[in-house]
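Residue numbers (numbering that gives the first Met the number 0), protein chains in the order written: chain A, 0 to 150; chain B, 0 to 182.
Here the structure comes first, spelled out in structure tokens, and everything after it is commentary.
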Amino acid sequence: MKGMTVIVKTIASWIKILIVVFGVYIILFGHITPGGGFAGGVILASSYVLLMLAYGRDFAEEYMPLAVASKLDCLGAFIFILIALLGLVFGGCFFVNFLYQEFLPGQDLKLVSAGTIPMSNIAIGLKVAASLFLVVLTLSVFKIDNKEQDK
Amino acid sequence: MEILYILLLLMIIAAIIAVETKNLLSSVICIGAVGFFCSVMFLFLKAPDIAITQIVVEVLCLIILIRSTISRDLVLISGNRDFFGTVVSIVVILVILLGGLNILMTLPDFGTPAFTINENSPSQTYIDKGLKDTGAANIVSSVILDYRAYDTLGEATVLFTSIIGAVVILRKKSRKDLEEPDE
């Protein structure tokens with residue numbers, strides 16, 4: 000997959016950082032305003048897809064190769080399970096919101112509140128972003144065999 | 000609630016155009032229009048979380064579809080329609096529609112919440128005690144990550160396994176290269 004013209008590359012490099020900031024905002028404030036882990040993760044993945052469309056697949060693959068993206072995916076799933084198991088250790092049962100009930104209640108409607116919910120949002124956001132970027136990367140690598148000599 | 004019916008009619012028109020047109024790019028754009036109208040409908044039904052997710056996933060799927068079909072120089076859909084298959088599918092759809100109309104009569108109106116009929120429904124508990132039990136101002140987040148966190152675990156597992164399957168199948172190297180001598 001080749002890149003696009005100079006105008007598209009310049010604008011994409013400015014807009015990409017805005018999309019990343021917006022995605023991180025939607026993930027972090029998921030327990031106060033609408034949003035959450037899934038929507039924010041998809042927005043983060045779309046910023047990487049913008050990079051791949053504007054600069055070509057080879058640049059995006061050396062920017063974040065396949066191995067790093069799949070390790071980030073596994074890390075996100077692992078952190079989610081770890082939060083659930085810590086609920087088993089500190090609270091009574093699996094998935095208990097132990098930070099809200101015992102250690103760190105925080106104040107309502109502020110950023111530090113609701114216990115383990117923002118941490119689960121971060122883990123799920125990381126996982127969804129890495130997964131969708133992996134899907135787009137592998138779909139662009141996979142070619143039908145008789146068209147391989149055209150690219 | 001008339002705006003919901005107008006949006007529903009627009010979605011049906013866009014879906015029919017997506018099926019009937021011969022140009023592949025028009026078909027993909029009409030699929031994007033269906034998703035866009037669905038997202039606007041979610042906004043009118045007071046569900047902003049789902050509207051955000053719907054519009055972003057729709058845009059991402061549109062990009063994936065366009066890149067995977069248009070860049071391979073496939074421009075027109077070809078092939079004739081099978082007569083017997085069309086008749087059988089229309090008959091099946093009519094039978095299911097007539098059977099489902101009896102069930103649809105017992106549901107509340109289009110656009111009103113479905114779980115407020117029963118007095119002991121759990122939705123009232125979530126709205127009343129959501130802030131006190133979990134501390135999250137967004138009740139949707141408190142339901143999917145505290146009250147019903149097992150369902151989120153199941154959904155994360157499904158996403159994980161399907162991505163693993165896709166990455167393993169769509170490999171770059173062929174099988175023959177990987178069976179080269181390992182010693």
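Beta carbons are placed, not taken as given, at the ideal position from N, Cα and C, and that holds for glycine.
- A Cβ-Cβ contact shorter than 7 Å links V142 (chain B) with Y125 (chain B).
- The beta carbons of T133 (chain B) and Y99 (chain A) sit about 6 Å from each other, so the pair counts as a contact at 8 Å.
- Interface annotation for the region 150-161 of chain B against chain A: T151, L152, E154, A155, T156, L158, F159 and S161, criterion Cβ-Cβ distance under 9 Å.
- Following the DSSP letters along the chain, one finds Q123 (chain B) inside the alpha helix (DSSP H) bounded by residues P121 to T133.
- Beta-bridge pairing by DSSP links S112 (chain A) to A:G105.
- In the three-state scheme derived from DSSP, where H, G and I count as helix and E and B as strand, A129 (chain A) is classed as helix.
- For G34 (chain A), the closest of B:A14, B:T52, B:L144 and B:E154 by C-alpha to C-alpha distance is B:T52.
- Within chain B, the residues L59 have their CB atoms less than 8 Å from the CB of A44 (chain A), given in chain order.
- Neighbours of D81 (chain B) across chain A, judged by C-beta separation under 8 Å, do not exist; the nearest C-beta is about 26 Å away.
- For P64 (chain A), the closest Cβ of chain B is not nearer than 7 Å.
- When the five nearest sequence neighbours on each side are left out, the beta carbons in the same chain lying within less than 7 Å of the beta carbon of A38 (chain A) are those of I25, in order along the chain.
- Taking a beta-carbon distance threshold of 7 Å, A17 (chain B) does not count as an interface residue toward chain A.
- Secondary structure at V48 (chain A): helix, using DSSP grouped into helix, strand and coil.
- The way I'd put it, the region 72-89 of chain A doesn't touch the region 7-19 of chain B; fewer than three beta-carbon pairs between them come closer than 8 Å.
- By the CB criterion at 7 Å, S38 (chain B) and I54 (chain B) fall inside the cutoff.
- The Cβ of I126 (chain B) sits no closer than 7 Å to any Cβ of chain A.
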